[in-house]
């Protein structure tokens, strides 16, 4: 009986070792693929970085009205962002090549799923980028307009609008990614509805004073029209 | 507006006219009732001009529908050519429609091959035959190419001209003009054709503003320039709520012109006065008092809230000085000339670099401009006319002294920023 146990253990050990041995070339291939891809990624990143610095990419991005890109970039440099994104893409490709050394079917399934999801990711990125640009533009417009109208809560107004647009963009991006589903939609509806309701209440409750102030201003303007306007600009 | 855009009857009318010595644009569309009086004033002014046999008056009567154009009674030397101004679009401003009307007058003048042209865009209620005569006579009899207006101003009038337009024009183009953007001008046919020639290719790039480029083109292309004293000019009351729109409308074309003329102005040092015609009217010191407190508050609010926006346009040292200024008590509030001049130059550069949207940039100067008005108002509160002129001369000199700053920043924009 002990002989049979020993044989069984021997067999299982042999099977285990042979399976491990069969994995070794794949693992070695994965390590080599990662090392090579890291090297290629470094080279690609260096070339791209140098080329982009050569054409003054950071300043051009600012000129194109994409300051948000600089804000999200490492060290506030879109050049670094592009170089790093390319490097990580090369690393990902290397990893997938290494993975296919183990099981080609698994990799092809992974790749096809990844590519199937890619349009959603791209759409989400575009929505986020557009949302960020629009949010900044509107926030700046409101800030400058409100300051020129002497509103003391100009920054609050501007920040509120900015975050409203960003929240809307994030909700749309998550919808594209298929994350959260109805919860995101519901949460956004509650949040947005709440803000509108709060604004309506604020305007409704505060409008009495606002209207009377406005009438006072108009009245004083009318009475002041008889006086000579002492300031002219042109 | 181009001639092609005119209705057919108006084009035919122009064809019938053939040619003329003079074209005069009367562009005050807000006071159409005075147009008849204005044409009578033109007739009287023309009677004093010896070498004009045929003149055409282009009236911007502001009405829709077909144009009413007819020879004026039995006087065949004067043709009155009214045209209907097309309605401004939703984003169209008074300044844009005025610029379009200028183009129209110039196009009519170009078509008729005139020797001289004049544009009256001020309030028609202040228009006199003398006014028109002073704008046209130097062109017709003395061979000047551009007659710029010189108005009689009270101490708080013409502030945008005093603070930016006039000294900036003087420092950049080397010509001392009180009102480089008119709006009333006398021009030679030669200059009129040159401006028309410049407008045609630039139209493809979008809206063209003629007002910003008349005086600079004359200076850059070596035309003969002079000024005429026209007397007091009535202005519409200040709309403080839309001051930022006014600044954007006026400064935008000026900054664009700076970009266009960069090769010329970088080589100019100092400035020269131009010949002046007519006698200046005496100015009473009774200009009313201005409450500068709200302006200082606007400046302080801007300094507090617009740091992020100004930080994209102004260097850190300027921002620091503005913060210090905002902490001063109202009685001590004085904006140093050097600081103001550098701010204007930095905004011109920011406009060129498009660090932020140009509209945002132009509107964000409003609190700074109000700060300058407050400072100027406090300085000249008790000053007489001569003292005010001396004060303005100091500011103009400061613009000239600091021109090297603009040239340096224009050539190496990143040098002053960390």
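Protein chains in written order, with our numbering: chain A, 1 to 234; chain B, 1001 to 1418. We treat Cβ as the ideally placed atom computed from N, Cα and C, and that holds for glycine.
| said: Give me, in chain order, the residues of the same chain whose beta-carbon lies closer than 6 Å to that of residue 41/A; leave out the 5 immediate sequence neighbours on both sides. | reply: Here the set comprises 87, 90, 91.
| Residues in its own chain within less than 7 Å of residue 1319/B by CB, not counting five upstream and five downstream? | Take residue 1319/B, set aside five residues on each side of it, and the residues of its chain with a beta-carbon closer than 7 Å to its own are 1307, 1310, 1311, in chain order.
| Runs of alpha helix (DSSP H) wholly within the region 92 to 152 of chain A (minimum 4 residues, chain order) | If we require 4 residues or more, the alpha helix (DSSP H) runs fully inside the region 92 to 152 of chain A come out as 104 to 148.
| task | Give a yes or no on contact between the region 1376 to 1386 of chain B and the region 163 to 174 of chain A, applying the rule of three or more CB pairs nearer than 8 Å. | result | Fewer than three pairs of CB atoms, one per stretch, sit closer than 8 Å, so the region 1376 to 1386 of chain B makes no contact with the region 163 to 174 of chain A.
| Whole runs of the beta strand (DSSP E) within the region 1202 to 1253 of chain B, excluding any shorter than 3 residues | For the beta strand (DSSP E) assignment, the uninterrupted runs of no fewer than 3 residues enclosed by the region 1202 to 1253 of chain B are, from N- to C-terminal side, 1225 to 1232.
| task | Would you mind sorting residue 1/A into buried or exposed? The rule is 16 or more other CB atoms within 10 Å of its CB. | result | Residue 1/A comes out exposed.
| task | Closer than 8 Å by beta-carbon distance: list the chain A residues that pair up with residue 1367/B, in chain order. | result | Within chain A, the residues near residue 1367/B are 147, 148.
| message | Does the structure place the region 1321 to 1334 of chain B close enough to the region 1144 to 1156 of chain B that three or more beta carbon pairs sit under 8 Å? | response | Flag = no, the region 1144 to 1156 of chain B and the region 1321 to 1334 of chain B do not touch.
| said: Please classify residue 115/A as buried or exposed, where buried requires at least 16 neighbouring CB atoms within 10 angstroms. | reply: Classification for residue 115/A: exposed.
| query | What is the rounded straight-line gap between the Cα of residue 1260/B and the Cα of residue 1406/B? | reply | Each residue's Cα considered, the two are about 15 Å apart.
| field | Chain-ordered residues of the region 149 to 163 of chain A with a beta carbon less than 9 Å from chain B | value | For the region 149 to 163 of chain A, the residues whose beta carbon sits under 9 Å from a beta carbon of chain B are, in order, 149, 150, 151, 152, 154, 155, 158.
| query | Taking the continuous beta strand (DSSP E) assigned at residue 1051/B, which residues delimit it? | reply | Following the DSSP letters along the chain, one finds residue 1051/B in no beta strand (DSSP E), marked with neither H nor E.
| Closest Cα partner of residue 1413/B within the set 1373/B, 1352/B, 1392/B | Of the candidates 1373/B, 1352/B, 1392/B, the one whose C-alpha sits nearest the C-alpha of residue 1413/B is 1352/B.
| request: Would you please verify whether the beta carbon of residue 141/A is less than 8 Å from any beta carbon of chain B? | output: Chain B, which has a Cβ nearer than 8 Å to the Cβ of residue 141/A, makes this yes.
| request: Measure the CB-CB distance between residue 1105/B and residue 1020/B and report whether it falls below 8 Å. | output: Contact: no.
| task | Output, in sequence order along the chain, the residues in the region 1238 to 1255 of chain B whose CB is closer than 8 Å to any CB in chain A. | result | For the region 1238 to 1255 of chain B, the beta-carbon criterion of a distance under 8 Å to any beta-carbon of chain A is satisfied by 1238, 1241, 1243, 1244, 1246, 1250.
| So, residue 232/A versus residue 1158/B, is the Cβ gap smaller than 8 Å? | It is a contact, given that the beta carbons lie within the stated cut-off.
| task | Measure the C-alpha to C-alpha separation of residue 159/A and residue 139/A and round it to an integer number of angstroms. | result | Counting only the Cα atoms, residue 139/A lies some 7 Å from residue 159/A.
| query | Are the CB atoms of residue 1227/B and residue 1178/B nearer to each other than 8 Å? | reply | The answer is yes: Cβ separation under 8 Å.
| query | Would you say residue 232/A faces chain B, with C-beta separation under 8 Å as the test? | reply | Taking Cβ atoms only, chain B reaches closer than 8 Å to residue 232/A, which makes this a yes.
| task | Give the secondary structure of residue 1271/B by DSSP, where H, G and I count as helix, E and B as strand, and everything else as coil. | result | In the structure shown, residue 1271/B sits in coil (DSSP, three-state: anything other than H, G, I, E or B).
| Around the C-beta of residue 1216/B, are 16 or more other C-beta atoms found within 10 angstroms, so that it is buried, or is it exposed? | Buried is the call here.
| query | Does the distance from the C-beta atom of residue 1136/B to that of residue 1045/B stay below 8 Å? | reply | Yes, the pair counts as a contact, with Cβ atoms nearer than the cut-off.
| said: Which of the three DSSP states is assigned to residue 1178/B in this structure? | reply: Collapsing the DSSP output to three states places residue 1178/B in coil.
| task | Scan the region 175 to 188 of chain A for residues whose Cβ lies nearer than 9 Å to a Cβ of chain B and list them as they occur along the chain. | result | If the cut-off is 9 Å between Cβ atoms, the region 175 to 188 of chain A has nothing near chain B.
| Residue-level contact to chain B via CB, residue 137/A, 8 Å cutoff | So, interface residue.
| message | Between the region 23 to 36 of chain A and the region 94 to 109 of chain A, can you find at least three pairs of beta-carbon atoms closer than 8 Å? | response | Touching, per the Cβ criterion.
| query | With burial defined as no fewer than 16 other Cβ atoms inside 10 Å of the residue's Cβ, what is the status of residue 60/A: buried or exposed? | reply | Looking at its Cβ environment, which holds fewer than 16 other Cβ atoms inside 10 Å, residue 60/A is exposed.
| With a cut-off of 8 Å, does the C-beta of residue 47/A fall near any C-beta of chain B? | Not an interface residue.
| said: Let's test the definition: count the other Cβ atoms within 10 Å of the Cβ of residue 1419/B and tell me whether it reaches 16, buried, or not, exposed. | reply: Residue 1419/B is absent from the model: chain B starts at 1001 and stops at 1418.
| request: Have a look at the DSSP bridge pairing and note the partners of residue 1315/B. | output: Answer is none; residue 1315/B lacks a bridge partner.
| For residue 1060/B, which option in 1382/B, 1026/B, 1037/B has the closest C-alpha, if you only look at C-alpha atoms? | Comparing alpha carbon positions, the residue from 1382/B, 1026/B, 1037/B closest to residue 1060/B is 1026/B.
| query | residue 1235/B versus chain A: which residues are under 9 Å apart at the beta carbon? | reply | Those within 9 Å of residue 1235/B in chain A are 229, 232, 233, 234.
| query | Whose C-beta lies closer than 6 Å to the C-beta of residue 1340/B among residues of the same chain, with five residues either side of it excluded? | reply | Same-chain partners within the cutoff: 1372.
| field | Cβ neighbours of residue 1222/B in the same chain (closer than 8 Å, five flanking residues each side left out) | value | When the five nearest sequence neighbours on each side are left out, no beta carbon in the same chain lies closer than 8 Å to the beta carbon of residue 1222/B.
| Same chain, Cβ closer than 6 Å to residue 1403/B, five either side skipped, listed in chain order | Within the same chain, residue 1403/B has close Cβ partners 1171.
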